[in-house]
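In our numbering, the protein residues as written are 1 to 186.
Where is the CB? At the ideal position from N, CA and C, for every residue including glycine.
Step one of this worksheet: look at the structure below.
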Ligand SMILES: Cc1cc2nc3c(=O)[nH]c(=O)nc-3n(C[C@H](O)[C@H](O)[C@H](O)COP(=O)(O)O)c2cc1C
């Protein structure tokens with residue numbers, strides 16, 4: 001059974017991207033897939049002088065990326081790019097030199113913002129980074145999710161049918177993408 005990591009690019013407890021990411025597993029039609037969230041909140045700032053003596057939290061993070069068949073990244077846009085915390089996590093995953101955990105690892109990206117065009121610039125930057133990593137990144141559907149708090153119920157479920165369709169389209173395409181580029185032997 002393929003396992004897909006979900007990595008949220010925000011470390012805020014109240015992250016709207018986390019609210020959206022939490023909905024994704026419930027919209028998957030393929031029952032033969034599992035999900036786990038990959039946390040980046042406690043990672044220190046990457047420094048190559050730590051190579052060979054990594055903090056445990058960084059080793060655990062890298063092992064988690066390596067343990068999944070693909071990664072969905074749900075990220076906000078900060079200052080027309082990705083948040084520093086996400087870039088830092090990607091730097092950790094890309095090291096030590098020659099051991100980039102994203103090389104060959106299928107990825108799918110999306111983002112949520114309260115504006116209609118938000119995260120487009122961030123997603124382009126993220127695509128460039130993942131391309132450099134030689135990660136096959138899903139091209140379509142591009143997903144720039146327009147977040148409205150009143151679309152979600154108290155239990156975190158997404159009530160708006162049109163928005164459910166947008167997320168369902170994205171996550172089911174992401175599962176197919178992972179299955180295509182990281183086939184799992186049974
Ligand atoms: C430092 C900072 C920079 C931001 N820059 C942008 C931006 O360039 N484009 C945008 O659409 N929103 C921007 N925002 C607003 C975010 O979209 C908004 O804070 C959103 O809630 C962040 O997602 P999160 O709640 O998942 O962290 C910025 C927010 C912060 C804190």
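Checklist entry - Relative to the alpha-carbon of residue 177, which residue among 152, 68 and 137 has its alpha-carbon at the smallest distance? => result When 152, 68 and 137 are compared, the shortest CA-CA separation from residue 177 is found for 137.
Checklist entry - Taking the alpha carbon of residue 150 as the point to measure from, which residue in 20, 8, 69 and 9 has its own alpha carbon closest? => result Residue 20 is the option with its Cα nearest to residue 150.
Checklist entry - If you pair each beta-carbon of the segment 95 to 112 with each one of the segment 66 to 77, do three or more pairs fall below 8 Å? => result With a cut-off of 8 Å, the segment 66 to 77 and the segment 95 to 112 count as touching, because enough Cβ pairs lie within range.
Checklist entry - At which residues does the beta strand (DSSP E) containing residue 107 begin and terminate? => result 107 to 113 is the extent of the beta strand (DSSP E) around residue 107.
Checklist entry - Taking any heavy atom of ligand 1 as the mark, which residues have a C-beta closer than 6 Å to it, listed down the chain? => result 10, 12, 15, 16, 17, 76, 77, 78, 79, 80, 113, 115 and 118
Next on the checklist: Pull the bridge partners of residue 137 from the DSSP assignment, please.
Outcome noted: 107
Next on the checklist: For the pair the segment 75 to 94 and the segment 9 to 19, tell me if three or more CB-CB distances fall below 8 Å.
Outcome noted: yes
Item to check | Extent of the continuous alpha helix (DSSP H) run through residue 170 | outcome: Taken as a continuous stretch (DSSP letters only), the alpha helix (DSSP H) holding residue 170 covers 161 to 181.
Checklist entry - Residue range of the alpha helix (DSSP H) that residue 84 falls in? => result 84 to 93
Checklist entry - Taking the alpha carbon of residue 102 as the point to measure from, which residue in 130, 182, 83 and 56 has its own alpha carbon closest? => result 130
Checklist entry - Is it true that the CB of residue 14 sits closer than 7 Å to the CB of residue 43? => result A distance of 7 Å or more separates the beta carbons of residue 43 and residue 14.
Checklist entry - Thinking C-beta only, is residue 182 closer than 7 Å to residue 70? => result yes
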